[in-house]
Amino acid sequence: MDKDKVIVPINFGDLPMSSLVCNSKPEPVHAEVAEVNENKGGDCDSSSTSFSHGKKVYTDYSVIGISGDGRCLFRSVTHGACLQSGKPAPNETLQRELADELRARVADEFVKKRRETEWFIEGDFDTYVSQMRKPHVWGGEPELLMASHVLQLLFVVEVINVTKTEWQDFINSHDCRMPITVYMNDKDSGGLISIAEYGQEYGKDSPIEVLYHGFGHYDALQIPGNKGARSRL
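Per our numbering, the sequence shown runs over residues 10 to 242.
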């Protein structure tokens, strides 16, 4: 095995997968796919009832291509967080800044929850967290779990500069946590099925949706009718 890479086996129910964590490199991680925007739907309707592997199949969805620079997981999640908070989709620069901010908070959350997380981190915990702080190191299931704990709307407020008054008015009538749902293409049905959910303890409404491609890359995802966007501030 390449000494610069560590494969962390992950099993989402009946669908085994792996989180590939690479050492930081100065150049982008080219193993991730290039940015692509994709729409699926046609005659299919997201409200139609179809199941595969016991999971509901979604055939009406939009994929927002995310740059493959090692930040794809964090970019995808923060892109969804902006949309869920009623903000416009972030441009490339803001998306990168948000991703790096989320990465830093996720790393801090690992340290904060060390007793709860150290057992499922492969290898030395301190080394893992140190590597994860680097901008081109890929994230996976452990990072999604930590992101679900730190992804409060306050994150979006602080970085996008929403006023304190707007923030206070918003939290008085909204849940301030955002669950995350991960989807994957299902070859049997030709649609998407959910493979993992994070942050359900904070509520199940309006989750951030991301698409996992099975080889280390994540894209942002929107499934019409699957959730209602939160009201704008």
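Using N, Cα and C, we set each Cβ at its ideal position, and we do this for glycine too.
Quick caveat: nothing in here was measured; it's all calculated off a predicted structure.
Could you tell me which of G200, G234, K213 sits nearest to L220, measuring between CA atoms?
-> G200
Find the nearest neighbour of Q209 within the set C91, L153, S76, judged by alpha-carbon distance. L153
Spatial neighbours of M141 within its chain, please: CB distance less than 6 Å, with the 5 preceding and 5 following residues excluded, ordered by chain position. Answer for M141: A116, listed in chain order.
Margin query: What ranges does the alpha helix (DSSP H) occupy inside the stretch 64–121, keeping only unbroken runs of at least 4 residues that lie completely in it?
Written below: 81–93, 101–121
I'd like to confirm the pairing. Which residues does DSSP put opposite Q262 in its beta bridges? What the structure shows of the chain is the stretch from 10 to 242, and residue 262 is not part of that stretch, so it cannot be assessed.
G288 versus I202 - alpha carbon distance: The chain is shown from 10 up to 242; residue 288 falls before or after that span and cannot be answered.
**Asked** Are there 16 or more other CB atoms within 10 angstroms of the CB of S131, so buried, or fewer, so exposed?
**Response** At residue 131 the sequence reads Glu, which differs from the Ser that was named. Classification of E131: exposed, given that the 10 Å Cβ count is below 16.
- Whose C-beta lies closer than 7 Å to the C-beta of C81 among residues of the same chain, with five residues either side of it excluded? E41, I75, H226, Y227
By DSSP, does P35 sit in helix, in strand, or in coil?
Because the pLDDT of P35 is 29, which lies under 50, any placement of that residue in the model is unreliable, and the number read from its coordinates should be weighed accordingly. Note: P35 maps to coil in three-state DSSP.
V159 in three-state terms, based on DSSP: Helix.
Margin query: Bridge partners for E218 per DSSP, in chain order?
Written below: T190
Exercise. So the beta strand (DSSP E) Y211 belongs to, where does it begin and stop?
Worked result: That residue, Y211, is in no beta strand (DSSP E); it is neither H nor E in DSSP.
**Request:** To the nearest angstrom, report how far apart S59 and S139 are at their CA atoms.
**Result:** 43 Å
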